[in-house]
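Quick note on the working numbering: the sequence shown kicks off at 173 and runs consecutively.
For each residue, glycine too, the CB sits at the ideal point set by N, CA and C.
Take a look at the structure set out below.
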Amino acid sequence: MQGKKDYQEKLFAHFQLSERIPKNNFYRRLKEVLDLDFLYPLTKIYYGESGQKSIDPVVFFKLCLVGYLENIISDRNLVRHSGMRLDILYFLGYDIDEELPWHSTISRTRQLFPETIFEEVFTRILAMCVDKGMVSGHTQAIDSAPVKANASMDSLELKVPEEDLEAHLHSIRHISAMDKKKRR
């Protein structure tokens, strides 16, 4: 007898994001080895003492790292892409029902830091990824398919950033400058 699947959303569901991300997933492994707590005291001077809480600096720089690794320079596309990927949500420390920061928040936060500080911190984080063996040179290999497969290491997808780090940071600065002009 032919079956027919009828989709009906559940009002309540038990879902644990960590159970859905394979142990060998790139972003899961990166989350385990990348300690960015040094960002809190380093960036504290750029935040005010009153007003609404801003984006967590660790989340901000993780989003910037995802943008670089996934070849995404648009903050709007970065948020959209990250919201669709369970492994990236897990890496960022967000659950599936938590809303990611708005793209404009990312742009404003980037402008909060002097360019030299932003680039120095981002380069340091990238160097930490290299030191931990997660990123090598300009090419990263990722196999994050959550299915069992009879595959060899030769079949891994090569992730090659479209631009080198300097060009990527230049593109981000250009877009942030355009956003700043629009708000004036």
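At what residue ranges does the region 202–259 contain a whole run of the beta strand (DSSP E), taking only runs of 3 or more? none
Using only the alpha-carbon positions, how far apart do Glu335 and Ser246 sit? 14 Å
Can you tell me whether Asp259 is buried or exposed, with buried defined as 16 or more other CB within 10 angstroms of its CB? buried
Tell whether a beta-carbon distance below 8 Å holds between Tyr262 and Tyr199. yes
My guess is that Phe233 and Leu211 are in contact by the Cβ rule of under 8 Å, so how many angstroms apart are they, rounded? 6 Å
Pairwise C-alpha distance: Leu272 and Ala317: With a pLDDT of only 43 at Ala317, under 50, the local geometry of the prediction cannot be trusted, and the value read off the model is given with reservation. Cα to Cα, Ala317 sits roughly 23 Å from Leu272.
Cβ of Leu208 within 8 Å of Cβ of Ile297? yes
Please report the distance separating the alpha-carbon of Phe187 from that of Ile244. 29 Å
In angstroms, rounded to a whole number, what distance separates the CA positions of Phe290 and Arg201? 24 Å
Look at Glu270 and His253 and say whether their C-beta atoms are less than 8 Å apart. no
With C-beta atoms as the reference, is Thr281 less than 8 Å away from Ile193? no
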